[in-house]
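With full-length UniProt numbering, the residue at position 56 of the sequence shown is 56, and numbering never jumps. Data block below; observations after.
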Amino acid sequence: MNIWDFIYPKKCLGCGRPGKYFCEQCLETVELSDECFNNHLSLFGYRGLIRETVKQLKFKFLKDIEEELQLLIESGLRRKLTQPNTELFREFLQLKPAVQPLPLFWFRQNRRGFNQAEMIAKIVANKLELKPGDYLERVKLTQPQSRLPREKRLTNVSGVFRAKTGRLPKAILLVDDVWTTGATMREAMKVLQENGVKEIWGLSLAR
Numbered sequence: 001m002n003i004w005d006f007i008y009p010k011k012c013l014g015c016g017r018p019g020k021y022f023c024e025q026c027l028e029t030v031e032l033s034d035e036c037f038n039n040h041l042s043l044f045g046y047r048g049l050i051r052e053t054v055k056q057l058k059f060k061f062l063k064d065i066e067e068e069l070q071l072l073i074e075s076g077l078r079r080k081l082t083q084p085n086t087e088l089f090r091e092f093l094q095l096k097p098a099v100q101p102l103p104l105f106w107f108r109q110n111r112r113g114f115n116q117a118e119m120i121a122k123i124v125a126n127k128l129e130l131k132p133g134d135y136l137e138r139v140k141l142t143q144p145q146s147r148l149p150r151e152k153r154l155t156n157v158s159g160v161f162r163a164k165t166g167r168l169p170k171a172i173l174l175v176d177d178v179w180t181t182g183a184t185m186r187e188a189m190k191v192l193q194e195n196g197v198k199e200i201w202g203l204s205l206a207r
């Protein structure tokens, strides 16, 4: 515990109980997502504690949550990878893909001070014993997808990513915080495929 814990004490994001961001009672309510298809895997359902966690990361810039988030993600991965419907994903992991977070536009990252997808990707890479990668950049500042109707989300992310110069690996695991329509993840996959990446999966914290 440090001085900031006294000035700004942690409270559970689910119920407001003081002490930490994820209290034991709220952790028990977290449900795994059953999504694992079309080269995409989601760890948790986007509701309750998980929904509030994503909102706090995105809009409140909650950087000191990483240690607790690590325990949550590691537990989710252990449970998720025992499910029968993750067999294809487990086979993909045998390729030892590089782990690439979906990048933010530089202006948004500078204002926020960090990229929540990068935080999640770091935890995933460590748990799965994979190398982190930096092969993609965001070249356009767009409206947040969450504020747009479904039909406008595809056009909003068109052309927003560019592969960085240099040789790309043959397999990449893309990581993001939440999957809604999947438009952003699919756009990133398309750019990587156009630049020679053969095997790509997406992993999101929640759907």
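C-beta atoms are modelled at their ideal positions from N, C-alpha and C, and glycine is treated no differently.
Can the beta-carbon of residue i be found closer than 8 Å to that of residue j?
i, j, result
"Phe44", "Leu57", "no"
"Ser42", "Ser158", "no"
"Met119", "Glu66", "yes"
"Leu141", "Phe107", "yes"
"Asp64", "Ala117", "no"
"Cys26", "Leu49", "yes"
"Gly14", "Glu52", "yes"
"Leu136", "Lys164", "yes"
"Phe89", "Arg138", "no"
"Val124", "Ile200", "no"
"Asn115", "Pro132", "no"
"Ala206", "Tyr21", "no"
"Asn85", "Gly202", "no"
"Cys23", "Cys36", "no"
If you follow the alpha helix (DSSP H) that residue i is part of, which residue opens it and which one closes it?
i, result
"Glu118", "116-128"
"Arg90", "87-93"
"Trp106", "106-112"
"Arg162", "Where Arg162 is concerned, there is no enclosing alpha helix (DSSP H), although the beta strand (DSSP E) it sits in stretches over 161-163."
Ends of the beta strand (DSSP E) at residue i?
i, result
"Glu137", "136-138"
Would you identify the three-state DSSP class for residue i, choosing helix, strand or coil?
i, result
"Pro101", "strand"
"Leu168", "coil"
"Val197", "coil"
"Lys11", "strand"
"Val157", "coil"
"Leu192", "helix"
Nearer than 7 Å: is that true of the beta carbon of residue i relative to any heavy atom of the ligand HEM?
i, result
"Ile200", "The model depicted lacks the ligand HEM and carries no ligand whatsoever."
Q. So does the stretch 164-178 actually touch the stretch 95-110, counting three or more Cβ pairs closer than 8 Å?
A. In short, these stretches touch, since the Cβ pair count reaches three.
**Q.** Runs of beta strand (DSSP E) wholly within the stretch 16-94 (minimum 3 residues, chain order)
**A.** With a minimum length of 3 residues, the continuous beta strand (DSSP E) runs that stay inside the stretch 16-94 are 40-44.
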